[in-house]
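Visitor: My numbering applies: residue 7 is where the sequence shown begins, and numbers increase by one.
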Amino acid sequence: MTFNAAANSLRQTLEQSKDVIIAPGVYDGFSARIAHSVGFNALYMTGAGTTASRLGHADLGIATQHDMAAHSSMIASLKPEVPLIADADTGYGGPIMVARTVELYARGGVAGLHIEDQVQTKRCGHLAGKECVDVDVYTSRIRAAREARRKLGSDIVIIARTDALQGQGYDAAVARLKAARDAGADVGFLEGVTDKDMARRVVKDLAPWPMVLNMVEHGATPTISVEEAREMGYRMIIFPFASIAPAYAAIKQGLEQLKQTGVVGAPEYFTPKFCFQVCGLDESMALDAAAGGQAFGAKGA
7 MTFNAAANSL RQTLEQSKDV IIAPGVYDGF SARIAHSVGF NALYMTGAGT
57 TASRLGHADL GIATQHDMAA HSSMIASLKP EVPLIADADT GYGGPIMVAR
107 TVELYARGGV AGLHIEDQVQ TKRCGHLAGK ECVDVDVYTS RIRAAREARR
157 KLGSDIVIIA RTDALQGQGY DAAVARLKAA RDAGADVGFL EGVTDKDMAR
207 RVVKDLAPWP MVLNMVEHGA TPTISVEEAR EMGYRMIIFP FASIAPAYAA
257 IKQGLEQLKQ TGVVGAPEYF TPKFCFQVCG LDESMALDAA AGGQAFGAKG
307 A
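Have a look at this one:
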């Protein structure tokens, strides 16, 4: 199938290259556009960032399947050739709902998604008090995802995430990942790694299965650089807060300046036209001109 070339590209990279895929987290269309302008070869749609930006709430399982599928397809559509890896939480229900989630994500252009083993009332992986479903429920989610992919004829990459480390320990978490691998997952994801030795160990314990590292700064996991992750043998590293953290700092500073001085103080280059150019103004105007449109000619530029 050719309806999702990005999934095919991501799969080929995982199978044919030994380098690490670097995917900065984006939380909306504007942050995704900026990441594209910098030149990243993959992006990550963070569930926490989606819930914060789309709903204004904490990552406590509030975002629905519709919220996440709509948001991921919008981001994926901005540059379809660049693989988007997206959070799919628990799959949003039993096997039928998990299969539906995979179908929605794949048809929306998402290249890879991760499904976890938390209960439906989940929470951010770097918060305390997480609860996990039984292994058979977890593996049923992965099998449903695999079957949905098969029926679609899609290359979408299925990433199995476990949150069992916090409550059940390392050995139990690795056993869950092995069960997910046997159920058909393409990549493993141990959430909440607590030290660099553990980060290195899990790659070795599950080799040659590809592993993803979730690099949430100031969370449960110590800061691990791309070069360190590469040396450890990780095949993918996601940075969920890569855009939302600097956005918070900059927005707060700007609003405080507005409140204190009465002016925003935006940089001189940030004109309305510049903002729109970040969001594809030039491409849109070129398309309009090619179609014979008149609304966005030279006078409108």
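We put the CB at the ideal spot given by N, CA and C, even for glycine.
1) With V88 and A12 assumed to form a contact (beta carbons below 8 Å), what rounded beta-carbon distance in angstroms separates them?
2) With DSSP as the reference, label V116 as helix, strand or coil.
3) Between M7 and Q18, what straight-line distance do the alpha-carbon atoms span, to the nearest angstrom?
4) Between P86 and the rest of its own chain, which residues show a CB-CB distance below 8 Å, the 5 nearest in sequence each way excluded?
5) For a minimum of 3 consecutive residues, which ranges assigned as the beta strand (DSSP E) are wholly contained in the segment 21 to 69?
6) Look at the Cβ atom of L196, then the Cβ atom of L158, and state whether they are nearer than 8 Å.
7) Straight-line CA distance for R241 to K265?
8) Hey, would you say Q124 sits closer than 8 Å to T96, going by beta carbons?
9) Got a sec, what are the start and stop residues for the beta strand (DSSP E) D93 sits in?
10) Would you grab the beta carbon distance between A166 and A186 for me? Rounded to a whole angstrom, and I think it's under 8 Å.
11) CA-CA distance, D161 and A29?
12) Rounded to whole angstroms, how far is the Cβ of A191 from the Cβ of A154, which I believe are closer than 8 Å?
13) Along the alpha helix (DSSP H) that carries G225, what are the first and last residues, could you check?
14) If you follow the beta strand (DSSP E) that R241 is in, where does it begin and where does it stop?
15) In this structure, how does DSSP classify F247 when only helix, strand and coil are distinguished?
16) If distances are taken between C-alpha atoms only, which option among H77, R156, M51, R152 comes closest to A189?
17) In three-state terms, what does DSSP make of T107?
18) If you count every other CB in all the chains shown that lies within 10 Å of the CB of F247, and 16 or more means buried, which is it?
19) Assign Y98 to buried or exposed, taking buried as 16 or more other Cβ atoms, counted over all protein chains shown, within 10 Å of its Cβ.
20) Within 8 Å of any Cβ in chain B, is that where the Cβ of Q18 sits?
21) Distance, Cα to Cα, F276 vs G198?
22) With respect to the alpha helix (DSSP H) encompassing I148, which residues constitute its N-terminal and C-terminal limits?
23) Taking the beta strand (DSSP E) that V163 falls in, what are its first and last residues?
24) Using the C-alpha atoms, what's the distance from F302 back to I68?
25) Excluding the 5 residues flanking S59 on each side, which residues of the same chain have their C-beta closer than 6 Å to its C-beta?
26) So, with DSSP's three-state summary, where would you put V199?
27) DSSP three-state label for G299, please.
28) Report the three-state DSSP secondary structure of G173 (helix, strand or coil).
Guide: So, from the data block:
1) Your pair V88 and A12 checks out as a contact, with CB atoms roughly 7 Å apart and the cut at 8 Å.
2) It is coil, neither helix nor strand.
3) Confidence at M7 is low in this model, with a pLDDT of 42, below 50, so the placement of that residue is unreliable and no value is reported for it.
4) These residues qualify, in order along the chain: A11, A12, G115.
5) The qualifying runs are 27 to 32, 49 to 51.
6) No, the pair does not count as a contact, with Cβ atoms beyond the cut-off.
7) Those two C-alpha atoms are separated by around 45 Å.
8) Against a cut-off of 8 Å, the Cβ pair of T96 and Q124 comes out as a contact.
9) 90 to 93 is the span of the beta strand (DSSP E), which, as asked, contains D93.
10) Yes, they are in contact, since the Cβ atoms of A166 and A186 sit about 3 Å apart, within 8 Å.
11) Near 18 Å, if we compare the C-alpha coordinates of A29 and D161.
12) About 13 Å separates the Cβ atoms of A191 and A154, ruling out a contact at the 8 Å cut-off.
13) Premise fails: G225 is in no alpha helix (DSSP H) and is neither H nor E.
14) Careful: R241 lies outside any beta strand (DSSP E) and carries neither H nor E.
15) F247 falls in the coil class under three-state DSSP.
16) If we check each option's Cα against that of A189, R152 comes out closest.
17) DSSP places T107 in helix when its eight states are reduced to three.
18) Buried, because 16 or more other Cβ atoms sit within 10 Å of the Cβ of F247.
19) So Y98 counts as buried.
20) Protein chains in the displayed structure number just one, and chain B is not present.
21) Cα-Cα distance, rounded: 38 Å.
22) Where I148 is concerned, the enclosing alpha helix (DSSP H) stretches over 141 to 158.
23) Start and end: 163 to 168.
24) About 40 Å.
25) These residues qualify, in order along the chain: Y33, D34.
26) Look at V199 here: in three-state DSSP terms it is coil, with no helix or strand label.
27) Assigned with DSSP and collapsed to three states, G299 falls in coil, not helix or strand.
28) Of the three classes helix, strand and coil, the one that applies to G173 here is helix, per DSSP.
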